[in-house]
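Visitor: Protein chains in written order, with UniProt numbering: chain A, 1 to 290; chain B, 1 to 418.
Heads up, the beta-carbon is just placed ideally off N, CA and C, and yes, glycines get one too.
#1: Would you tell me roughly how many angstroms separate the C-alpha atoms of residue 271 (chain B) and residue 251 (chain B), rounded to the nearest one?
#2: Report the partner residues of residue 208 (chain B) according to the DSSP bridge assignment.
#3: Which residues of the region 112 to 130 of chain A have a Cβ closer than 9 angstroms to any Cβ of chain B? Give them in chain order.
#4: Just to confirm, are residue 291 (chain A) and residue 127 (chain A) a CB contact at a threshold of 8 angstroms?
#5: What first and last residue would you give for the beta strand (DSSP E) that runs through residue 261 (chain B)?
#6: Flag residue 255 (chain A) as yes if its beta-carbon sits less than 8 angstroms from any beta-carbon of chain B, otherwise no.
#7: Which partner residues of residue 290 (chain B) appear in the DSSP bridge assignment?
#8: Between the region 222 to 232 of chain B and the region 240 to 248 of chain B, do three or more beta carbon pairs fall short of 8 angstroms?
#9: CB-CB under 6 angstroms to residue 173 (chain B), same chain, minus the five flanking residues each way: which ones, in chain order?
#10: Could you tell me which residues DSSP puts in a beta bridge with residue 131 (chain B)?
#11: Return the chain-ordered list of same chain residues with a C-beta closer than 7 angstroms to the C-beta of residue 52 (chain A), the five sequence neighbours on each side being excluded.
#12: Hey, is residue 156 (chain A)'s beta-carbon within less than 8 angstroms of any beta-carbon in chain B?
#13: Between residue 228 (chain A) and chain B, is any beta-carbon pair separated by less than 8 angstroms?
#14: Straight-line CA distance for residue 289 (chain B) to residue 238 (chain B)?
#15: Please list, in chain order, all residues of the same chain as residue 308 (chain B) whose beta carbon is under 6 angstroms from its beta carbon, the five residues on each side excluded.
#16: Any idea if residue 213 (chain A) is buried or exposed, counting beta-carbon neighbours within 10 angstroms, 16 or more meaning buried?
#17: From the DSSP output, read off the bridge partner residues of residue 361 (chain B).
#18: For residue 35 (chain A) and chain B, any beta-carbon pair shorter than 8 angstroms?
#19: What do you get for residue 84 (chain B), buried or exposed, if any count of 16 or more other CB atoms within 10 angstroms of its CB means buried?
#20: Any idea if residue 4 (chain A) is buried or exposed, counting beta-carbon neighbours within 10 angstroms, 16 or more meaning buried?
#21: Whose Cβ in chain A lies nearer than 7 angstroms to the Cβ of residue 237 (chain B)?
#22: Within 8 angstroms (strictly less), CB to CB, does residue 59 (chain A) reach chain B?
#23: Taking DSSP as the reference, what is the three-state secondary structure of residue 379 (chain B)?
#24: Excluding the five sequence neighbours on either side, which residues of its own chain have a C-beta within less than 7 angstroms of the C-beta of residue 147 (chain A), listed in chain order?
#25: Anyone know if the C-beta pair for residue 161 (chain A) and residue 121 (chain A) falls short of 8 angstroms?
#26: Is residue 14 (chain A) close to the ligand ATP? I mean its beta-carbon at under 7 angstroms from any heavy atom of the ligand.
#27: Run through the region 287 to 342 of chain B for me and flag every whole beta strand (DSSP E) of 3 or more residues, listed as ranges in chain order.
#28: Does the region 127 to 141 of chain B come close enough to the region 322 to 337 of chain B that 3 or more CB-CB pairs lie under 8 angstroms?
#29: Helix, strand or coil: how does DSSP classify residue 5 (chain A) here?
#30: In the DSSP assignment, find the beta strand (DSSP E) that holds residue 25 (chain A) and state where it starts and stops.
#31: What are the residues in the region 130 to 149 of chain A lying within 8 angstroms of chain B by C-beta distance?
#32: Whose C-alpha, out of A:70, A:91, A:32, is nearest the C-alpha of residue 175 (chain A)?
#33: Quick check: the region 70 to 78 of chain B against the region 283 to 300 of chain B, are there 3 or more CB pairs under 8 angstroms?
#34: State the DSSP-derived secondary structure class of residue 47 (chain B), mapped to helix, strand or coil.
#35: Counting along the chain, where does the alpha helix (DSSP H) carrying residue 277 (chain B) start and finish?
#36: Which residue wins for smallest C-alpha separation from residue 69 (chain A), given the options A:236, A:258, A:182, A:273?
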């Protein structure tokens, strides 16, 4: 008996969480996939009716805006946050005296919820209250910064707020990466008289490749599931100019009683995540095998 | 206020004690899911709770705040799917029929017939409360949506009368703009764009055209030249709002009219509550008039009754239905909420001049067949279709899209939402 228990204990302990994940993650993904193939409106129905919801989704100009925004927002957010985070990390890595304090200051936005970030930036970027009004108050009457209320530019305000929130976190990741590079190699390079910028571009940054990948994965899933920031900052407006797939899905499911549409947009979002995560998992698992 | 309230409660007690269902076999019980959670609304629903208790009922309150009813809708869906529906839930318009089609609503025809609802309610509104001939919901109030509110002082200072045609409105707005006043206080949120749009549409399409376009979804009307003219007027109105309007809440826009920063606002009569709360007097400090054009767009709150088991719950449902439409509750509740009674036989002595005007117009348009459901507030169409129209309206208003493109997009969006 004891022997049997000893043998099976790990399985027994893991079983509950395994079952929970099976039902509440994969089970519900399957449920959503099923519902996305039906004509569900207010309540879910289960008669399969082909790909009608996907046809409707791709015919909808609002989804078009939301999906394009996802790529505009995702690309700019990830690239700028990583560049900014790397620069900050390198600057902090120069053995400066107040590093602890500065690091905390840059990391602090991460401690705020997206709702707070969104609301604060809404006030800062509001032309009548924030930056524009302040600068005009200083006497620069022609100063204009009205991206928040301009349908063509509003998505970039979401990018600004998201970068402000996350670049400190990326900085912390990169800083840890910089510190983990073997000091011996760096010292050897310095002895050889190689300039500092070459040390960074040729030795340190290539050695940090796995950190780049982690940062990319973390930022891209933040971008794809972005919801609260848009709701707080622009409410999806002006019009629906800053809609993202997540806000589209919410509107369809909870405001319009169109569950089939919501399910199909959720499936598309999941596929976007998969196209990013699957190659990552594949490369990770393969290197373990080697 | 307290005296009036006590009078109302005791009045109801007499009504209910004579009613058949309150004879003591089952003590009425009701669990009511609603989203009246803000100050004035919470006070209004408390009136109903106290009347219910005064009639020997046990009220279980289930308020769900947030999202203009979205959160309440989600809670309701979860309850119904779990087979544990509340006694009554605050649902309005075609959503009542949508829930009926799911087979979960109760039949309260006995109460409706005993209280003569078909006589005392305007026909168009009674239609929303019926599901295939049986009564399945009880109406609470009537909000009028097609109002134009104005700052009296700003208008008289610029020598402007309340506009009765859209051309007059445009002329007044141009004049105000030249005088440095923002002509139209507006908040750039999709539902507010839709509210202005439907007021304009009612004026330009007329009541028959409005019904064809936004109730029957008639494609010819939706693609007509008149609809192009509606979008043209929307483009003109876009020029009358200040540049900072995006995302502004409606009550902040009302405040702009109140303090003279702006002249007009097009908004339902809940805006009146803001003026009143600030101590402004209708007719003196602010003016109210229906937007240019014939007709009356209503937004009616109602309680849909869900099929429940047990005598006590069914008795509670019947009591609730009777109280909600009862004369005294209609008066007290609507005085609190700023709307008007849904029944046409309530004395309006205690109501302000705007409410009296609204009630007169409702009766007149009921006669003339121009009492119409508000599409922007979910009374005319189901969520998917109404949402498709709103998407188009807000996309047009917030960009430089041409009116012809907007009409094409409108037709496509509606076809795609089916």
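Guide: Quick look at the numbers:
#1: Whole-angstrom Cα-Cα distance: 7 angstroms.
#2: Within the DSSP bridge table, the entry for residue 208 (chain B) names no partner.
#3: 122, 126, 127, 128, 129
#4: Here chain A has residues from 1 to 290 only, and residue 291 (chain A) is not among them.
#5: No beta strand (DSSP E) contains residue 261 (chain B), which DSSP labels as neither H nor E.
#6: True, the Cβ-Cβ gap to chain B drops below 8 angstroms.
#7: B:147
#8: no
#9: Contacts found: 183, 240.
#10: B:134
#11: 39
#12: Interface criterion not met: the Cβ of residue 156 (chain A) is under 8 angstroms from no Cβ in chain B.
#13: no
#14: 21 angstroms
#15: 87
#16: The residue in question, residue 213 (chain A), is exposed, as its Cβ has fewer than 16 Cβ neighbours within 10 Å.
#17: Per DSSP, residue 361 (chain B) has no beta bridge partner at all.
#18: no
#19: exposed
#20: Residue 4 (chain A) comes out exposed.
#21: Per Cβ cutoff of 7 angstroms: no residues; residue 237 (chain B) is ~15 angstroms from chain A at best.
#22: yes
#23: coil
#24: 125, 153, 154, 156, 157
#25: Yes, the pair counts as a contact, with Cβ atoms nearer than the cut-off.
#26: In the structure on display, the ligand ATP does not appear, and there are no ligands present to speak of.
#27: 296 to 305
#28: yes
#29: In the three-state DSSP reduction, residue 5 (chain A) falls in the helix class (H, G or I).
#30: Unbroken run through residue 25 (chain A): none, as it is neither H nor E.
#31: Here the close residues are 146, 148, 149.
#32: When C-alpha distances from residue 175 (chain A) are compared across A:70, A:91, A:32, the shortest belongs to A:91.
#33: Taking 8 angstroms as the limit for Cβ pairs, the verdict is that the region 283 to 300 of chain B does not touch the region 70 to 78 of chain B.
#34: helix
#35: Its alpha helix (DSSP H) spans residues 270 to 277.
#36: A:236
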